[in-house]
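What follows is a single structure, written as structure tokens, with notes after it.
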Amino acid sequence: MKIPHHPRSSARRRAPALLLAALAVVAVTGCSSSSSSSTPKAAATTPPASAPVGAPSAGTSATGSAAASASTGTSVTVTEKEYSITPSQTQLAPGTYTFVAENTGTVVHALEIAGPGVSATRTDSIPPGQQAKLTVTLQPGSYELWCPIDSHKALGMDTHIQVAGSSS
Numbered sequence: 000m001k002i003p004h005h006p007r008s009s010a011r012r013r014a015p016a017l018l019l020a021a022l023a024v025v026a027v028t029g030c031s032s033s034s035s036s037s038t039p040k041a042a043a044t045t046p047p048a049s050a051p052v053g054a055p056s057a058g059t060s061a062t063g064s065a066a067a068s069a070s071t072g073t074s075v076t077v078t079e080k081e082y083s084i085t086p087s088q089t090q091l092a093p094g095t096y097t098f099v100a101e102n103t104g105t106v107v108h109a110l111e112i113a114g115p116g117v118s119a120t121r122t123d124s125i126p127p128g129q130q131a132k133l134t135v136t137l138q139p140g141s142y143e144l145w146c147p148i149d150s151h152k153a154l155g156m157d158t159h160i161q162v163a164g165s166s167s
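Take a look at the structure:
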């Protein structure tokens, strides 16, 4: 006896394949930003263990500022997760700083900074559990730090730091 073809049975067989195809598209595109910015980016990798102390790391970008690429600055950790961004310090003195963006969340994030002398300098995308470094020279004034991925900034991944005093 032949069982008649039921239209829903073929749809049920195709559903897993369609779901896998959709997930593959999401995995390939990730949470990429919809902007086509040509802003300088730093790699989302940590420096190799063999890098000499004081040498620039693979994830260091000094563009957009007067930072010397041959040196790293005072380290400031910036913790990013859904959907908050928390710097270890919010009051800084003028000088060169290396922002270590740590993605403790479950989706891709990035770090972008803008303020006096720094024009929207950012890291590449940072996968969950990874970090990226961004070195900039800060002048007195207010700086904005945010996640430029999709609408993360509007969801709360936006904060400000203050730089007070004069540089030495």
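Numbering that gives the first Met the number 0 applies: residue 0 is where the sequence shown begins, and numbers increase by one. Glycine included, C-beta positions come from ideal geometry on N, C-alpha and C.
Could you tell me the distance, in whole angstroms, from the CA atom of residue i to the CA atom of residue j?
i: I160; j: W145; result: 11 Å
i: K152; j: T95; result: 25 Å
i: Q88; j: T158; result: 11 Å
i: V106; j: S83; result: 12 Å
i: P126; j: N102; result: 7 Å
i: P86; j: Y142; result: 12 Å
i: L133; j: M156; result: 17 Å
i: A119; j: G128; result: 24 Å
i: F173; j: V75; result: With the chain covering only 0 through 167, there is no way to say anything about residue 173.
i: V135; j: P147; result: 17 Å
i: T71; j: R121; result: 16 Å
Identify whether residue i lies in helix, strand or coil by the three-state DSSP scheme.
i: I112; result: strand
i: D157; result: strand
i: S118; result: strand
i: S83; result: strand
i: T136; result: strand
i: A106; result: Looking at the sequence shown, residue 106 is not Ala but Val. Note: V106 maps to coil in three-state DSSP.
i: I148; result: coil
i: S141; result: strand
Could you pull the DSSP bridge partners for residue i from this structure?
i: E101; result: T78 and Q130
i: T73; result: Y96
i: Q90; result: Q161
Can you give me the Cβ contacts of residue i inside the same chain, cut-off strictly under 7 Å, excluding the 5 residues immediately before and after it?
i: G164; result: A92, P93 and P139
i: L154; result: Y82
Among the residues of its own chain, which have a CB less than 6 Å from the CB of residue i, if the five just before and after it don't count?
i: T78; result: T85, E101 and T103
i: T73; result: Y96
i: Q90; result: Q161
i: A113; result: A119 and E143
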